[in-house]
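Residue numbers (this note's numbering): 15 to 277.
See below:
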């Protein structure tokens, strides 16, 4: 089995808010991957004493353990348990009802000799490649379908869209949000490889249109995950230098994380 994990912070002045892991049981009978993209809080705070990296490390660590140690528990339940465990760790000191309490987007995959299960929440991306080369993108498109005009106002987003019906959902402090995830499973024989991407890494396809999802997965397979991140950074710098800001891009450089596994 080949696995790769690359996570590159977007701004040297602040810590990387992503989390990624690969869990491979000693039995060799399966495995899991976890990718979290932490949501950067507003400057005026989020009612929490803890940083986003603290939150993603706690949530990601719990997910890594639960997806491996409880192979018969559905991924939605594993996410619910991990969110509850993380919330309990700071409920006594922080305002978990704040709309910007630490939170993250999620991509999970778990494989056994029989099945590959997956879960995506918010704007992370999971790519599944079949043995014949077909690539399927698993995505939660609720955020992408919202009018861009609404998303330009943080106050409107927090009051009416973030973790609200008709808006979009992230993993924050409410365990029930796990049920909002996009989930599914396919036979193990139908998956040759898979890749999880934070939106910072997915810019190569989504924002810069350098290639489609099969092209992106082929790039990671042939040149490695680091090459994808380097290409994203090159386009970000080139666009910034040329004065071509993209309205869909909140940051010149975002944290970019890729997890790749060949099964």
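Note that beta-carbon positions come from the ideal geometry of N, C-alpha and C, so glycine has one too.
Query	Result
According to DSSP, is residue 251 helix, strand or coil?	helix
Whose C-alpha, out of 257, 151, 191 and 186, is nearest the C-alpha of residue 70?	186
Short of 6 Å in beta carbon distance, which residues of its chain neighbour residue 67, apart from the five on each side in sequence? Order them along the chain.	29 and 31
Okay, do the region 90-101 and the region 161-168 touch, 3+ Cβ pairs below 8 Å being the bar?	no
Just to confirm my understanding: we take residue 64, look at its own chain, exclude 5 residues before and 5 after, and list those with CB closer than 7 Å. What are they?	104, 108 and 116
Should the region 201-211 be called in touch with the region 231-251, which here means at least 3 C-beta pairs below 8 Å?	yes
Cutting at 6 Å between CB atoms, please list the residues of its own chain near residue 77, excluding the five before and the five after it.	48 and 96
Thinking C-beta only, is residue 135 closer than 8 Å to residue 202?	no
Based on the DSSP secondary-structure assignment, which residues constitute the bridge partners of residue 176?	182
So is residue 252 buried or exposed if we call it buried at 16+ other beta carbons inside 10 Å?	exposed
Quick check on DSSP: helix, strand or coil for residue 94?	helix
In whole angstroms, give me the CA-to-CA distance for residue 118 and residue 88.	20 Å
Per DSSP, which residues does residue 201 bridge with? Please list them.	129
Assuming residue 46 and residue 123 form a contact by the criterion Cβ under 8 Å, report the distance between their Cβ atoms to the nearest whole angstrom.	7 Å
Residue 52 by DSSP, collapsed to three states: which one?	strand
Ordered along the chain, which non-local residues of its own chain (more than five positions away) have a Cβ less than 7 Å from that of residue 265?	24
Once you ignore the five residues that flank residue 176 on each side, which residues in its own chain have a CB closer than 6 Å to its CB?	113
Just to confirm my understanding: we take residue 140, look at its own chain, exclude 5 residues before and 5 after, and list those with CB closer than 7 Å. What are they?	121, 123, 132, 134, 152, 208 and 210
Would you mind sorting residue 148 into buried or exposed? The rule is 16 or more other CB atoms within 10 Å of its CB.	exposed
First and last residue of the alpha helix (DSSP H) that includes residue 235?	227-237
Taking C-beta to C-beta, are residue 1 and residue 212 nearer than 8 Å?	Residue 1 is absent from the structure shown; the chain starts at 15 and stops at 277.
Closest to residue 37 by C-alpha separation, out of 180, 85 and 268, would be which residue?	85
Taking the alpha carbon of residue 273 as the point to measure from, which residue in 27, 15 and 34 has its own alpha carbon closest?	34
Quick one: what's got a C-beta closer than 6 Å to residue 257's C-beta in the same chain, skipping five residues either side?	none
Taking 6 Å as the limit between beta carbons, can you name the residues of its chain near residue 249, skipping five residues before and five after?	222
For residue 222, name the three-state secondary structure that DSSP assigns.	coil
Kindly indicate the opening and closing residues of the alpha helix (DSSP H) around residue 75.	66-83
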